[in-house]
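In the numbering used here, the protein residues as written are 88 to 771.
Put into structure tokens, the structure is as follows:
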């Protein structure tokens, strides 16, 4: 599940709680404030978020609170964390009110946050006042309370228990009388009895005890926050009893535990997510043992998603995780990494033991998986780094296991162990990054064009721009090698703008030499469509070179569509308003575009090559026909990518596909030569 969905679930849990739940950071700044907290303190969420928590406290507590936090962060014993207690809250209207406060602590991304659960005790105090006035009214009122109420004598025997107490424990009220409270409390640290007994001592100045105890219940155990106070009685032989007021916080605790679980785990596999795995790795490892950090990944998983859809992909991943659990014969720390990757930290005897285990895991994962009447086989590779041989640092182990995995994939090996020689690959990546930056600065990249033709007349209607790099030392470098580097290193937008500038100059050159101005499409990176300055940049380029906007197309991949944000949509709207056509590239690979076609108002739809390759099968032909029908209903121009045979052309033409692009018609060629431009490239 994506990080956004986890946040939605966590918010739902908080908003459904009947008690006020407030989170603050280490500086005491309020970070969240649920609806119950709004009702409790009289403030709206917007009025408190970003302000100090002590605005909700009466003096002098509000003055001291910052000091309490500072001292606790320095290591001083907590006065309230992990211990429920009664405090006073300050309402927006200025009056104070009693509340029961439980504070928990959590650490996320190395930062602490504190979670307070606030329960309004106004009604409870009202009940206690009424109890003092009349025993008869006391019983009627107490029995109607949802909270647990009881009294115990000096031997901690129960003298009274209300209906809620009886219901939680699962014992009739009459049967509870005389039973020691400690017998129905699952008090592992044995603090309940001694602390309550101290309140009966003649010289005791302890007037109140607040303690969280797990009580025996029908459902094995209920977590209850108790507040005990001394009460004078007129019973023979007894002058003092303890009045206990308890709140069942089991559901709240379970909700918080579940939210924490979702924050740290992948829901599909039950494994840790990478962040939690990295945090857990160092304390989990025994420094006196040898471990293998394994990075497993399925080679063809993207194709499974493209061909069968994400639901089938999820089934495959869930089955893979189950097989890993079944195969492991020792304790293991597991995490899901990316779409189909898994990280495993496993104790091993030596290199040979790690290799044998990795091959057993691969053998298990590569057994055929039955899905919808078909048998899918995953090709799996594994990269391994050894602790402490290769490194004793969690981040480094994960990184170099990933390098070993890439080596295994590149060299078509099932298993690869990290070796220092892999640094050559890392050096290559750095060379690519630095060389690409220099190539952009010196205009050493060349624009190639591949035509898009009318499938009926075979007339060229437009072109797609492709960037090529002839490196001085390494020769031609594949776009598959340098474009991912550009996107990872923030050079993606710089490269996009380089290509846009070069393409618009090509169009202008054609006009200047008396040639017909071509229509050229530019495929840009995802992040660029969130850049609000992009429309202005393109408009300035068009104006500078005197090129009409209808000569430029921008291709947006379906992957970008799946991550649409308001900024992206606004940028696309502005580009369309300039007169630039938008083409939806790789259609069909994301399985989400149907709901976006009307929203995006694209002009052209490009069918991905993976579907054209499968055109000869009944399933493939049906999918392509459906995609064309969807596009036609939406009034879009349809382009088939990756056409390689005349048979594909004939089938696509019969399906009413408009344009085709691929090696059958023409390979990508240098743009200036293809357009008939003899003059040298214009400089910026």
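Glycine included, each C-beta is placed from N, C-alpha and C at the ideal position.
Small disclaimer: the values here were computed from a predicted structure and weren't measured.
Fewer than three beta-carbon pairs drawn from the region 364-371 and the region 382-396 are found closer than 8 Å, and the two stretches are therefore not classed as touching. DSSP, read as helix, strand or coil, puts residue 690 in coil.
As DSSP reads the structure, residue 339 sits in no beta bridge.
By the beta-carbon neighbour count (other beta carbons within 10 angstroms, threshold 16), residue 720 is exposed. Annotated three-state conformation of residue 707 is helix, per DSSP.
The C-alpha of residue 644 lies about 12 Å from the C-alpha of residue 615. Around the beta carbon of residue 341, fewer than 16 other beta carbons sit within 10 angstroms, so the residue counts as exposed.
DSSP lists no bridge partner for residue 611. Between residue 733 and the set 751, 722, 716 and 726, the nearest pair of CA atoms involves 751. Membership of residue 147 in any alpha helix (DSSP H) is not indicated, and neither H nor E is assigned to it by DSSP.
One Cα belongs to residue 287, the other to residue 148, and the distance between them is close to 29 Å.
With a contact defined as Cβ atoms closer than 8 Å, residue 724 and residue 710 miss out at about 19 Å. Minimum Cα-Cα distance from residue 330 among the listed residues 238, 411, 209 and 248 corresponds to 238. If the five residues before and after residue 162 are omitted, its C-beta is found closer than 6 Å to no C-beta atom of its own chain. Under the 10 Å beta carbon count, residue 742 is surrounded by 16 or more other beta carbons and is classified as buried. In the structure shown, residue 487 adopts helical secondary structure according to DSSP, grouped into three states.
Counting only runs of 4+ residues, the alpha helix (DSSP H) found wholly inside the region 412-486 occupies 438-452, in chain order. Only residues of its own chain outside the window of five on either side were considered, and among them 131 and 132 have a CB closer than 7 Å to the CB of residue 125, listed in chain order.
At the C-beta level, residue 639 and residue 715 stay beyond 9 Å of one another.
Residue 670 has its alpha-carbon roughly 20 Å from the corresponding atom of residue 620.
Contact between the region 444-453 and the region 473-492 is absent: fewer than 3 CB-CB pairs across the two stretches fall below 8 Å. The three-state reading of DSSP puts residue 212 in helix, counting H, G and I together. Between the C-alpha atoms of residue 414 and residue 389 there is a straight-line separation of about 24 Å. With a contact defined as Cβ atoms closer than 8 Å, residue 297 and residue 213 miss out at about 20 Å. By the neighbour-count definition (other C-beta atoms within 10 Å, threshold 16), residue 136 is an exposed residue. Taken in chain order, the unbroken stretches of beta strand (DSSP E) that lie wholly in the region 159-202 and span 3 residues or more are 172-177 and 183-195. Residue 142 sits in a helix when the DSSP states are folded into three classes. If you keep only unbroken beta strand (DSSP E) runs of at least 3 residues inside the region 250-322, you get 295-302 and 309-319. Counting of Cβ neighbours within 10 angstroms places residue 255 among the buried residues, the total reaching 16 or more. Of all alpha-carbon atoms in 304, 318 and 313, the one lying nearest the alpha-carbon of residue 294 is that of 318.
The beta carbon of residue 535 lies closer than 7 Å to those of 553, 555, 755, 756, 757 and 758 in the same chain, with the five residues before and after it left out. Distances from the alpha-carbon of residue 481 to those of 633, 175, 694 and 380 put 380 closest.
Spanning the alpha carbons of residue 356 and residue 483 requires a straight line of approximately 24 Å.
Proximity to residue 118 across 153, 160, 202 and 156 peaks at 202, based on C-alpha coordinates.
Residue burial annotation: residue 557 is exposed, with fewer than 16 other C-beta atoms found within 10 angstroms of its C-beta. A straight line joining the alpha-carbon of residue 612 with that of residue 354 spans about 30 Å.
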